[in-house]
Amino acid sequence: MKLKLTVSFLLILITSLSFSQGVKDLYYDMEVGVIENLNDTVPQNIQLTNEAGELVFLKDQIDKPTAIVFVYFRCPGICSPLMDGLADVIQKSDLEIAKDYQVITISFDPAETYDLAVKKKNNYKSLIKGKNTQEGWKFYTGDSLNIAKATKALGFRYKKVGNEYTHAATVIVTSPDGKITRYLNGTYFLPFEFKLAIMEASKGQAGPTINKILQYCYSYDPVGQAYVLNITKITGAIILIMGLIVFLLLVFVKTKRKQQ
């Protein structure tokens, strides 16, 4: 009896692991989205161009809790809502930018130059009142090699389609020593949510989001530049889960009958 139960549970475990591996494979094989590299540290060898046209190392620019966003400045899609959402939470937050935290925006389009970064910065400075965005919100550009290093290290995946890019919208939060602690997905952020992420980052505490579940259940639509519900994946997951439940019930019923 014990042997049969053990075999049954082993079968369930193997099935569960196979399902988990399938989800993991789908997750890591995606072309567009965000992979949570929590607890990884920003590499020292990523070199970017700052607003003065100087080459600097990204890791050296992180000396406090930092919110990093990847965009491209001429983006016609979700970049503007993402930056607007960030500007809104900066304005509403009771944390002091440049003192309690900083924001780093990196263009992942190697064709964009630092003068365009300065123009974009000035646009958002004008939207935020009474905050030290001059020192606290920095804009960077880079060449293709260093952009590839940065996006890979921070788990940001995008794809070029024609002259534009399809990509996700996320804020990547790091600790003062460059450890990745949180991903805030979407284009709108609650002040409490943002503050909590910054406070946790100040202590080096990493916390996962439901990012992986969302990306399994949703696929990225490059036309609408948004996530859409993936019925096929969800149906497959439900079938597998229901199969496990039925299997468990059969094992339980069979065991009870033999005990009577």
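According to mature numbering (1 follows the signal peptide of the UniProt record, and there is no 0), the sequence shown holds residues -20 to -1, 1 to 240 in order. Note that beta-carbon positions come from the ideal geometry of N, C-alpha and C, so glycine has one too.
Integer-rounded CB distance, given that residue j should sit under 8 Å from residue i
i, j, result
"residue 260", "Val51", "No answer is possible for residue 260: the residues shown for the chain start at -20 and end at 240."
"Ile77", "Asn112", "6 Å"
"residue 285", "Gln27", "Coverage of the chain is limited to positions -20 through 240, which leaves residue 285 absent and any answer about it impossible."
"Val153", "Pro45", "7 Å"
"Pro188", "Glu16", "6 Å"
"Lys175", "Leu75", "6 Å"
"Gly13", "Arg137", "5 Å"
Helix, strand or coil at residue i according to DSSP, with G and I counted as helix
i, result
"Arg237", "helix"
"Phe119", "strand"
"Leu229", "helix"
"Asn191", "Its pLDDT being 42, under 50, Asn191 is placed unreliably in this model, and the value from its coordinates should be taken loosely. Reduced to three states, the DSSP call for Asn191 is helix."
"Glu180", "helix"
"Leu170", "coil"
"Ala186", "coil"
According to DSSP, residues forming a beta bridge with residue i
i, result
"Asn17", "In DSSP, Asn17 forms no bridge with anything."
Check your understanding: Are at least three pairs of beta-carbons, each pair with one atom in the segment 16 to 24 and one in the segment 98 to 107, less than 8 Å apart?
Key -> no
Exercise for review: Determine, using beta-carbon pairs with one atom in the segment 114 to 123 and one in the segment 83 to 96, whether at least three such pairs fall under 8 Å.
Suggested key: yes
Check your understanding: Which parts of the segment 23 to 90 are runs of the beta strand (DSSP E), unbroken and 3 residues or longer, counting only runs that do not cross its ends?
Key -> 27 to 29, 35 to 37, 46 to 51, 82 to 87
Point to revise | Those runs of the alpha helix (DSSP H) which lie wholly inside the segment 99 to 168 and span at least 4 residues | key: 113 to 116, 124 to 134
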